[in-house]
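Participant: Residue -6 is where the sequence shown starts when you use my numbering, and the numbers rise one by one after that.
Below is a structure I'd like to ask you about.
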Amino acid sequence: MFRVTLDLMTRLKVLADVDTGIDDSLALVYLAGLHTAGEIELVGVTCAGGNTTAAWSARNTKYMLNLCGCPEVPVVSGFEGPADRELTTTPETHGPYGLGYNLAPPAVIYEPGRGGATDPLALWRQVIEQARSTGEKVHLLVTGPMTTYVAALKKYPELMRELDGVTIMGGAVEYHGNVTEFAEWNFWVDPTAVTEVFGTAGAVAVERPEDAVRSIATAAGAPVPTLIPLNVTETITISDVEIEFWRDAGMNPELLRVLRRSLKFYFEFHQGVGVGYKAQVHDLFAAMVAVGAVTGEVEKMRLVGVDKRTFADEPGRRGQVVADSAGAEANVVLAADRSAALVEFERVFPR
C-alpha cells in the first residue's frame, strides 16, 4: 500500500452516470455547485436503473439540477436495468421514487441531451467527441450500477480510451457488503457488469481457467479506474448537525427543504439498520474524488469480479469483487478525511 494525495482540482469536463437516489442527489448538488462556479463543466448526466427506475432517476436528476440553477445540463434517461436480469430497486433505502419523502414534480421530466441525443450512449459519444475536437478530455463518474459503462465499452471502445479518467462508486474490497456479506449495492444490482469491467481471470473468481473472461475495460484501453468502495464511503457521514450548518451557511432555502425531506428518510433507514440517525453519503464522496477535490489513501490493486457460475450455490457472493494478482488494475480509495469532505461540500453548495 502507498499513500497519495489527490491533485488539487483543475477545471475539467465531467460526465456523470447516476441512478439518482438520495446520495446521488447530493453528488449532483456538489457537481452543480462546481459547474456554476466555473470550476468544472458538467457536460451531461445519464440515468440508469438502480436505486430506482431509470425514468425516475432521470426525473429526480432534472429536478435536482433545476433546484441548483443548472437547467442547461443535458439529462438523458438510460438503461432500465442489467442486460441479463430483472432490475431490483431499493425503495426501503431511498423511498418509493428515489428521493425519500420528496416527489419530483411531473413538469421536470428529463429532456433530450444536447445535439438531439436522446439515449445515453449517444450523449456519451457526443460529449467525448466534442471534447476531442477542442483538445480536451472528459472524466467519467459512475455512481450507480455499471450497466451504461459496460454498454459503452462494447459499442464505443475507441472512445472509452479517450476518457481523462473513470471514477466508480461501488464494491467492498476485503470488507463487508451492504446487501450481502460480500456485496455492495451497485455491484450486486448488475454483477455481470462487474465481471465484464474487472474480468474473472483470477483463480479465486472462477473454477476453471478456460471459463475466465478478460476485462473489457482493459481490452478497450480505458483508463485504470479509481474505485470508491464501501471501505471508505461508510466513513463519510452526515447528520442533522450538517443540515443545520447548511441552513446557517445560506444554502438555497428550496434546495434545503428538499434535502431535509430526503435525508430524513435516509437517516431513518440508517438508524433502522443499526448505523445511527445519520447517513453514509457514498456518491457525494465519489464525486469529490472524481474532480480531485479531496485527499485519500489509495492502494493500487488488481481486482476480479466473482463469476456467477463459480458460486451458483452461494447467492451471497453475487456482485463480489476480490483482489487477485491476475485481475484488472484499479486505484482503490481506502481512507479519507471526513471533515475535509464536509468542508468541501459546504464551500460550493448553491446559495
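From the three backbone atoms N, C-alpha and C, an ideal C-beta is built for every residue, glycine too.
Predicted model only: the values in this text are computed from it and were never measured.
1. With distances taken from CA atoms, which of Ala279, Gly285, Glu235 and Thr288 is nearest Ala272?
2. Rounded C-beta distance between Gln313 and Phe175? I'm assuming under 8 Å.
3. Please work out which residues of its chain come closer than 6 Å, Cβ to Cβ, to Asp17, disregarding the five sequence neighbours upstream and downstream, and give them in chain order.
4. At which residue ranges does the segment 147 to 228 contain complete beta strand (DSSP E) runs of 3 or more residues, listed in the order of the chain?
5. With H, G and I counted as helix, E and B as strand and the rest as coil, what does DSSP make of Ser26?
6. Using a threshold of 8 Å, state whether the C-beta atoms of Leu24 and Val7 are closer than that.
7. With DSSP as the reference, label Arg253 as helix, strand or coil.
8. Can you have a look at Ser356 and say buried or exposed, based on whether 16 or more other CB atoms are within 10 angstroms of its CB?
9. Tell me whether the segment 321 to 331 and the segment 213 to 220 touch, counting them as touching only if at least three CB pairs, one residue from each stretch, are closer than 8 Å.
10. By Cβ distance below 6 Å, which residues in the same chain neighbour Arg107 in space, the five residues on each side in sequence not counted?
11. Measure the C-alpha to C-alpha separation of Trp239 and Glu339 and round it to an integer number of angstroms.
12. Quick check: Gly93 and Arg250, are their CB atoms within less than 8 Å of each other?
13. By a C-beta neighbour count over all protein chains shown, 10 Å radius and 16 as the cutoff for buried, is Lys55 buried or exposed?
14. Measure the CB-CB distance between Thr230 and Phe278 and report whether it falls below 8 Å.
15. CB-CB under 7 Å to Ala316, same chain, minus the five flanking residues each way: which ones, in chain order?
16. Tell me the DSSP secondary structure of Ser232 in three-state form.
17. Looking at C-beta atoms only, is the number of pairs between the segment 115 to 131 and the segment 81 to 91 that lie closer than 8 Å three or more?
18. If you count every other CB in all the chains shown that lies within 10 Å of the CB of Val36, and 16 or more means buried, which is it?
19. Just mark Tyr270 as buried or exposed, buried being the case when its beta carbon has 16 or more other beta carbons within 10 Å.
20. Within 10 angstroms of the Cβ of Val38, are there 16 or more other Cβ atoms? Answer buried if so, exposed if not.
21. Grab me the residues of Tyr345's own chain with a C-beta within less than 8 Å of its C-beta, minus the 5 sequence neighbours each way, in chain order.
22. Compare the beta carbon distance of Ala30 and Val341 with 8 Å and say whether it is the shorter of the two.
23. Is it buried or exposed for Pro98, if we count other Cβ within 10 angstroms and need 16 for buried?
24. Less than 8 Å between the C-beta atoms of Thr140 and Asp112, yes or no?
Facilitator: Concretely, from the data shown:
1. The candidate whose alpha carbon is nearest that of Ala272 is Glu235.
2. Yes, Gln313 and Phe175 are in contact; Cβ-Cβ is about 4 Å, under 8 Å.
3. Exclusion of the five residues before and after Asp17 leaves Val11, Thr136 and Asp276 as the residues of its chain whose Cβ lies within less than 6 Å of its Cβ.
4. Taken in chain order, the complete beta strand (DSSP E) segments of 3 residues or longer contained in the segment 147 to 228 are 158 to 162 and 219 to 221.
5. In the sequence on display, residue 26 carries Gly and not Ser. Residue state for Gly26 is assigned as helix, using DSSP reduced to three classes.
6. Yes.
7. Here Arg253 sits in helix by DSSP.
8. Nothing about residue 356 can be read from this structure; the chain reaches only from -6 to 344.
9. Taking a cut-off of 8 Å on C-beta distances, the segment 321 to 331 touches the segment 213 to 220, as three or more cross pairs fall below it.
10. Note that Arg107 scores a pLDDT of 45, beneath 50, so its modelled location is shaky; the value from the coordinates is reported in the next line. Residues of the same chain with a CB within less than 6 Å of the CB of Arg107, apart from the 5 flanking positions on each side, are Pro67 in chain order.
11. Between Trp239 and Glu339, the C-alpha separation is close to 7 Å.
12. At a Cβ-Cβ threshold of 8 Å, Gly93 and Arg250 do not count as neighbours.
13. With 16 or more other Cβ atoms within 10 Å, it is buried.
14. No; because the gap between Cβ atoms is not below 8 Å, this pair is not in contact.
15. Contacts found: Val166, Glu167, Met294, Arg295 and Leu296.
16. The three-state reading of DSSP puts Ser232 in coil, since its state is none of H, G, I, E or B.
17. With the rule of 3 Cβ pairs closer than 8 Å, the segment 115 to 131 does not count as touching the segment 81 to 91.
18. Buried, since its Cβ has 16 or more Cβ neighbours within 10 Å.
19. By the 10 Å Cβ count, Tyr270 comes out exposed.
20. By the C-beta density criterion, Val38 is buried, having at least 16 other C-beta atoms within 10 angstroms.
21. Here the chain comprises residues numbered -6 to 344, so residue 345 is not present and cannot be evaluated.
22. It is a contact, given that the beta carbons lie within the stated cut-off.
23. Residue burial is scored here from C-beta neighbours: Pro98 has fewer than 16 other C-beta atoms within 10 angstroms and is therefore classed as exposed.
24. Not closer than 8 Å, so no.
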